[in-house]
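Numbering (the working numbering), first residue to last: 52 to 402. Just so you know, even glycine gets a beta-carbon here, dropped at the ideal spot from N, CA and C. No experiment lies behind these values; they were computed from the predicted model shown.
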Amino acid sequence: MKWQIFTAQETEEWYKVLERFHSIDIYFLPEYHRAYELNGDGIAYAFVAQDEGNTWFYPFFVRSIQQVGSEVLDEPWYDIETVYGYSGPLSTTTDPAFLTKVQAVFSQWCQDNRIIAEFIRFNPLLQNHQYVDQSCRLIPNRETVVVSLKGSEQDLWANYPSVQRNMVNKAIKNGLVCAESSTPENLEAFRQMYEQTMNLLGAIPYYYFCESYFKYLWNNLTQAVKLFTVRYEEHIVTAGLFLQHGDFLHYHLAGSDVNYRSFAPNNLLLHTVAQWGQKNGFHWLHLGGGRTADPKDDLFRFKASLSRLYLPFYIGGRVHNAAVYEKLCVNWMRQQQFIQRPNYFLLYRLT
Numbered sequence: 052m053k054w055q056i057f058t059a060q061e062t063e064e065w066y067k068v069l070e071r072f073h074s075i076d077i078y079f080l081p082e083y084h085r086a087y088e089l090n091g092d093g094i095a096y097a098f099v100a101q102d103e104g105n106t107w108f109y110p111f112f113v114r115s116i117q118q119v120g121s122e123v124l125d126e127p128w129y130d131i132e133t134v135y136g137y138s139g140p141l142s143t144t145t146d147p148a149f150l151t152k153v154q155a156v157f158s159q160w161c162q163d164n165r166i167i168a169e170f171i172r173f174n175p176l177l178q179n180h181q182y183v184d185q186s187c188r189l190i191p192n193r194e195t196v197v198v199s200l201k202g203s204e205q206d207l208w209a210n211y212p213s214v215q216r217n218m219v220n221k222a223i224k225n226g227l228v229c230a231e232s233s234t235p236e237n238l239e240a241f242r243q244m245y246e247q248t249m250n251l252l253g254a255i256p257y258y259y260f261c262e263s264y265f266k267y268l269w270n271n272l273t274q275a276v277k278l279f280t281v282r283y284e285e286h287i288v289t290a291g292l293f294l295q296h297g298d299f300l301h302y303h304l305a306g307s308d309v310n311y312r313s314f315a316p317n318n319l320l321l322h323t324v325a326q327w328g329q330k331n332g333f334h335w336l337h338l339g340g341g342r343t344a345d346p347k348d349d350l351f352r353f354k355a356s357l358s359r360l361y362l363p364f365y366i367g368g369r370v371h372n373a374a375v376y377e378k379l380c381v382n383w384m385r386q387q388q389f390i391q392r393p394n395y396f397l398l399y400r401l402t
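Shown next as structure tokens:
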């Protein structure tokens, strides 16, 4: 078996490998990973393995483990996490023998590079959790909502649950107007609105993406990033950043003025994007899931009011150095004075 490692800066080599796969998503592109490097998520790599005409491709971030809790480590260790969103591995085959061989080679590479564990977010649209072997602990995390764009505009409207049709009509009667607004000026307005929304939600620091993150996405994935705004008398009341690639549209980030929530701006936003997606040949609008895995989660219930189509989102974990992994987790528990171990992978990273 032959294998290679690429960085996100080696875009030509990265894309040559992606050409071997029938269907990919934006979350597998080097530019998307580079944006998160700038956000401080780690160093992006793609591991490529080939054997007897089959190819396995896996993009991820390597992150250093410098301390656990308040204790600085005496020697460097690392772990792996996939990019924000939905990625994981791609493979030209689901043959168990091939996948087992790949995982053995990759695990050896991890051990050779002091990588103790990895955390994977899989892609619901590609269902690529089938491209790992039994050494990976697979967990169905939550349902995600998807809108089919394959039919006519009349089909789209007819397939909405009645509550969505009612809310779109309400938004229009309230005088709201939605349109694509992909300009640098509107991006900055969106960034500020998004930050205000995170403040209201009490979001953790990670979700406050840095300014260079937005600029890099905008300048380097120009055709893949679309901004839609909903306005009331020229005032932006809701805006959404959407990502596109291949057959897929993704609802990536959003911000709203809470003073206009009763006007149903988000319903109009997603209906307009779905119409735009149909006209531009996309097959699916992926809305994602809720903020939690709870089926009663408010965000999930809102998204589910737009479509009855759900796709499962899987996460996965694998330990490559059990002794060190366990040592770091026990260290964290001792510092936090935990007796019973929390059910959380990469436990030592909790703050």
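For this session: Could you pull the start and end residues of the beta strand (DSSP E) that residue 152 belongs to?
Result: Position 101 of the sequence shown, counting from 1, holds the residue named residue 152. Note, residue 152: premise wrong, no beta strand (DSSP E); alpha helix (DSSP H) at 147-163.
For this session: Name the two residues that bound the continuous beta strand (DSSP E) containing residue 185.
Result: For the purposes of this step, residue 185 is taken as the residue at position 134 of the sequence shown. Counting along the chain, residue 185 falls outside any beta strand (DSSP E), and DSSP gives it neither H nor E.
Exercise. Got a sec? Which residues, its chain only, sit under 6 Å from residue 201 by beta carbon, not counting five neighbours each side?
Worked result: Counting from one through the sequence shown, the residue named residue 201 turns up at place 150. Closer than 6 Å at the Cβ level, and outside the excluded window around residue 201, lie 334.
For this session: State yes or no: is the C-beta of residue 380 within less than 7 Å of the C-beta of residue 399?
Result: Taking the first residue of the sequence shown as position 1, residue 380 is located at position 329. Taking the first residue of the sequence shown as position 1, residue 399 is located at position 348. Yes, these two residues count as a Cβ contact at 7 Å.
Exercise. What three-state label does DSSP hand residue 59 in the structure shown?
Worked result: As a first step, residue 59 must be located in the sequence shown, where it is residue number 8. Of the three classes helix, strand and coil, the one that applies to residue 59 here is coil, per DSSP.
Exercise. Of the residues 175, 177, 174 and 158, which one's Cα is nearest the Cα of residue 168?
Worked result: Residue 168 sits at position 117 when you count from the first residue of the sequence shown. The shortest C-alpha separation from residue 168 is found at 158.
Exercise. Between 365, 130, 284 and 313, which lies nearest to residue 373 when the distance is taken from Cα to Cα?
Worked result: The count along the sequence shown starts at 1 and reaches residue 373 at position 322. With distances taken between Cα atoms, residue 373 lies closest to 130.
Exercise. Between which two residues does the beta strand (DSSP E) carrying residue 320 extend?
Worked result: Position 269 of the sequence shown, counted from the start, is the residue given in the question as residue 320. From DSSP, residue 320 is part of no beta strand (DSSP E) but of the alpha helix (DSSP H) over 316-330.
For this session: Pick out whichever of 151, 102, 171 and 107 has its Cα sitting closest to the Cα of residue 134.
Result: The sequence position of residue 134 within the sequence shown is 83, counting from 1. Answer by Cα proximity: 171.
Problem set entry | 7 Å Cβ shell around residue 277 - same chain, five flanking residues per side excluded | In the sequence shown, residue 277 corresponds to position 226, counting from 1. Hits under 7 Å: 231, 233, 293 and 295.
For this session: Measure the beta-carbon distance from residue 180 to residue 367 and round it to whole angstroms, keeping in mind my assumption that it falls under 8 Å.
Result: Position 129 of the sequence shown, counted from the start, is the residue given in the question as residue 180. Position 316 of the sequence shown, counted from the start, is the residue given in the question as residue 367. Rounded, the Cβ-Cβ distance is 7 Å, consistent with contact.
For this session: State the Cα-Cα distance for the pair residue 165 and residue 155, rounded to the nearest angstrom.
Result: Translated into the one-based positions of the sequence shown, residue 165 becomes position 114. Translated into the one-based positions of the sequence shown, residue 155 becomes position 104. So the two alpha carbons sit approximately 15 Å from each other.
For this session: Kindly indicate which three-state DSSP category residue 101 falls into: helix, strand or coil?
Result: Here residue 101 corresponds to residue number 50 of the sequence shown, with the count starting at 1. It is a strand residue.
Exercise. Between residue 297 and the rest of its own chain, which residues show a CB-CB distance below 7 Å, the 5 nearest in sequence each way excluded?
Worked result: By 1-based counting over the sequence shown, the position of residue 297 is 246. Excluding residues within five positions, the ones whose Cβ falls inside 7 Å are 74, 75 and 76.
Problem set entry | residue 314 versus residue 326 - alpha carbon distance | Here residue 314 corresponds to residue number 263 of the sequence shown, with the count starting at 1. Here residue 326 corresponds to residue number 275 of the sequence shown, with the count starting at 1. If you take the alpha carbons of residue 314 and residue 326, they lie about 20 Å apart.
For this session: Could you tell me which of 243, 101, 105 and 90 sits nearest to residue 114, measuring between CA atoms?
Result: Indexing the sequence shown from 1 puts residue 114 at position 63. The shortest C-alpha separation from residue 114 is found at 90.
Exercise. Is residue 394 helix, strand or coil when you go by DSSP?
Worked result: For the purposes of this step, residue 394 is taken as the residue at position 343 of the sequence shown. Three-state result, residue 394: coil.
For this session: With distances taken Cα to Cα, identify the nearest neighbour of residue 141 among 291, 88 and 78.
Result: For the purposes of this step, residue 141 is identified with residue 90 of the sequence shown, where counting begins at 1. Checking every option, the nearest Cα to that of residue 141 belongs to 78.
Exercise. Bridge partners of residue 229, per DSSP?
Worked result: Within the sequence shown, residue 229 is the residue found at index 178, counting from 1. Beta-bridge pairing links residue 229 to 281.
For this session: Assign residue 340 to buried or exposed, taking buried as 16 or more other Cβ atoms, counted over all protein chains shown, within 10 Å of its Cβ.
Result: Counted from its first residue, the sequence shown places residue 340 at position 289. Buried, because 16 or more other Cβ atoms sit within 10 Å of the Cβ of residue 340.
For this session: Apply the 10 Å Cβ neighbour rule to residue 116 and answer buried if 16 or more other Cβ atoms are within range, or exposed otherwise.
Result: Here residue 116 is taken as the residue at index 65 of the sequence shown, counted from 1. Residue 116 comes out buried.
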